[in-house]
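A quick write-up on the structure given underneath.
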Amino acid sequence: MSRTDPDTHPRTRSLLVQPSPLRVVVAKPGLVGHDRGAKVVARALRDAGVEVIYTGLHQTPAQIVATAVQEDVDGIGLSVLSGAHMTAFTEVVKLLRQEDASNTVVFGGGIIPEDDAASLLEGGVAALFTPGTSMATVVEWVKTHVGGSEGSFGRVIP
Numbered sequence: 063m064s065r066t067d068p069d070t071h072p073r074t075r076s077l078l079v080q081p082s083p084l085r086v087v088v089a090k091p092g093l094v095g096h097d098r099g100a101k102v103v104a105r106a107l108r109d110a111g112v113e114v115i116y117t118g119l120h121q122t123p124a125q126i127v128a129t130a131v132q133e134d135v136d137g138i139g140l141s142v143l144s145g146a147h148m149t150a151f152t153e154v155v156k157l158l159r160q161e162d163a164s165n166t167v168v169f170g171g172g173i174i175p176e177d178d179a180a181s182l183l184e185g186g187v188a189a190l191f192t193p194g195t196s197m198a199t200v201v202e203w204v205k206t207h208v209g210g211s212e213g214s215f216g217r218v219i220p
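In this text, residue positions in the sequence shown follow my numbering: the first is 63, and each later residue adds one.
Encoded structure:
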């Protein structure tokens with residue numbers, strides 16, 4: 063083993079194989095000023111070792127996607143309580159495709175009627191969490207399905 067060869071030096075080799083933590087944007091699109099749920103999810107993910115970029119309130123889909131692309135994230139979590147879920151989720155998925163970032167997993171939560179949820183899931187949203195979903199369930203789903211992991215998408219999770 064050569065001390066000058068970074069591929070064979072034990073300290074460097076261990077750095078090369080360590081996976082980077084998941085990176086997720088948590089965003090609140092639209093005009094609703096209620097962000098407690100988004101902050102609770104952001105904190106639960108952070109406490110589980112996920113790097114979280116919280117965008118704050120009143121973000122447009124374009125701002126959310128620009129942040130996701132700039133930060134090179136693995137996923138975007140949206141919280142929508144305003145009834146604008148069809149517009150917000152659909153626009154984020156569309157803009158990710160336009161930015162050649164469709165491998166970014168989009169998930170979210172809010173009060174979303176079943177018919178709308180089915181349309182969103184068919185349109186590229188990976189999962190929707192309904193009110194009352196435990197943080198353990200959200201964290202487990204993110205760690206299993208975001209960042210290139212295998213798993214089933216297109217689910218409403220109670």
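Where is the CB? At the ideal position from N, CA and C, for every residue including glycine.
Can you look up G213 in the DSSP assignment and give me helix, strand or coil? Note on G213: pLDDT 49, under 50, position unreliable in the model; the coordinate value appears next. Coil.
Less than 8 Å between the C-beta atoms of L190 and G210, yes or no? no
Using a Cβ-Cβ cut-off of 6 Å (strictly less than) and excluding sequence neighbours within five positions of S214, which residues of its own chain qualify? Residue placement at S214 cannot be trusted, given a pLDDT of 49 that sits under 50; what the coordinates show is reported in the next sentence. Nothing listed; no residue qualifies.
List the DSSP bridge partners of F191. G171 and I219
What is the DSSP secondary structure of G186, counted as helix, strand or coil? coil
Could you tell me how far apart the beta carbons of V88 and G145 are, in whole angstroms, since I believe they sit closer than 8 Å? With a Cβ gap of about 20 Å, V88 and G145 do not count as contacting.
Starting from the Cα of E202, find the closest Cα among V103, V131 and S141 and give me that residue. V103
Neighbour-count burial assignment, G222, 16 or more Cβ in a 10 Å radius: Since the first residue of the chain shown is 63 and the last is 220, residue 222 is not available in this structure.
Assign G137 to buried or exposed, taking buried as 16 or more other Cβ atoms, counted over all protein chains shown, within 10 Å of its Cβ. buried
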